[in-house]
Amino acid sequence: MLIGRVERLRRYPVKSLLGEELSAAEVTGRGVAGDRERALLDLATGRVASAKHPRLWAGLLRYSAAVTADGRVTITGPDGRAADEAELSEALGRKLALIAERPPGAAVERAVPEEVLARGVEAEVAVTVNELGRGAPEGGFFDFAPVHLITEATLRAVGVEAERYRPNLVLRTEGEGFVGFIENAWVGRELAVGETLRLRIVAPTPRCAVPTLGHGSLPRRAEALRVPAERNRLVPLEGMPALPCAGVYAQVLAPGRVEPGAEVRLN
């Protein structure tokens with residue numbers, strides 16, 4: 069069944085930094101080529117730096133990462149100049165190392181989102197420690213699975229920009245009945261994207277405090293968490309509590325090339 073088309077295609081070469089818009093990409097079992105292939109390691113704790121703990125790492129969202137034509141990853145600061153590990157360490161106040169190999173048991177600290185929403189970014193709030201990539205192949209710095217997608221219908225329902233949710237694919241659904249959070253109904257099913265790419269939708273995407281934070285020039289927006297918390301609380305995986313969700317995670321069944329405009333079919 070034709071459900072829509074790919075509207076936008078994005079990748080995030082360094083975890084928790086701003087990403088880049090793509091005109092086309094190869095998608096393999098490890099996701100969009102070049103996506104989340106690097107991360108910043110907090111040398112004091114041995115954990116991956118993530119804006120999920122905004123009191124420490126919200127400043128990461130002032131920096132952008134991109135992949136050059138020859139495969140190098142570049143980082144750009146808020147002033148448009150190239151930035152390196154030393155500058156990031158000084159700006160964030162913690163010693164950081166840019167890494168390309170995911171250490172065994174790599175984990176991030178995740179502040180309890182509702183506490184951040186209620187008490188503010190700078191408040192001391194409870195955190196959990198979450199292992200990365202439990203639904204992804206070896207390598208990469210994915211929160212869970214290697215592909216994340218969301219529909220424009222959901223973005224409209226929440227009233228925020230796609231950049232806040234950091235998806236790889238933004239889908240434009242077509243026809244009646246495609247309302248906000250329609251992705252919930254796709255869990256356990258397969259999507260055919262373009263001619264060859266095939267995805268299996270494996271779980272709703274639980275939202276943390278990150279979407280509420282400033283992203284480059286975008287200001288803070290509490291609605292990015294508050295609306296899913298009010299309208300779309302789900303149990304993402306067995307054993308987890310009901311959490312605010314928006315968008316879905318997917319695994320790759322068959323690789324392929326994807327471009328904006330590609331048809332998306334639900335199987």
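The numbers in the sequence shown follow the numbering used here, run straight up by one, and end at 335.
All C-beta atoms in this analysis are idealised placements derived from N, C-alpha and C, irrespective of residue type, glycine included.
What you are looking at is a predicted structure, and each value in this text was computed from that prediction instead of being measured.
| query | result |
| --- | --- |
| Tell whether a beta-carbon distance below 8 Å holds between E220 and T241. | yes |
| According to DSSP, simplified to helix, strand and coil, what is R78? | strand |
| Measure the alpha-carbon distance for T144 versus L237 and round it to whole angstroms. | 23 Å |
| Opposite R333 in the DSSP bridges: which residues? | L70 and A260 |
| Can you list, in chain order, the residues of its chain whose CB lies under 8 Å from that of S157, leaving out five sequence neighbours each side? | K163 and L164 |
| Does the separation of the CB atoms of L293 and R301 fall below 8 Å? | no |
| So what does V116 bridge to, in DSSP terms? | L109 |
| Using alpha carbons as the reference points, say which of V100, F210, E177 and A213 lies closest to L124. | E177 |
| Can you tell me which of A253, N335 and R234 puts its alpha carbon nearest to the alpha carbon of H283? | R234 |
| When you compare the CB positions of L239 and V74, do they come within less than 8 Å of one another, or not? | yes |
| From the DSSP output, in three-state form, read off A154 for me. | helix |
| Less than 8 Å between CB atoms is the rule here; does A112 satisfy it with respect to chain D? | No chain D appears in this structure, which consists of one protein chain only. |
| Please go through the region 228-294 and give each complete beta strand (DSSP E) segment of 3 or more residues, from N-terminal end onward. | 237-241, 258-261 and 265-274 |
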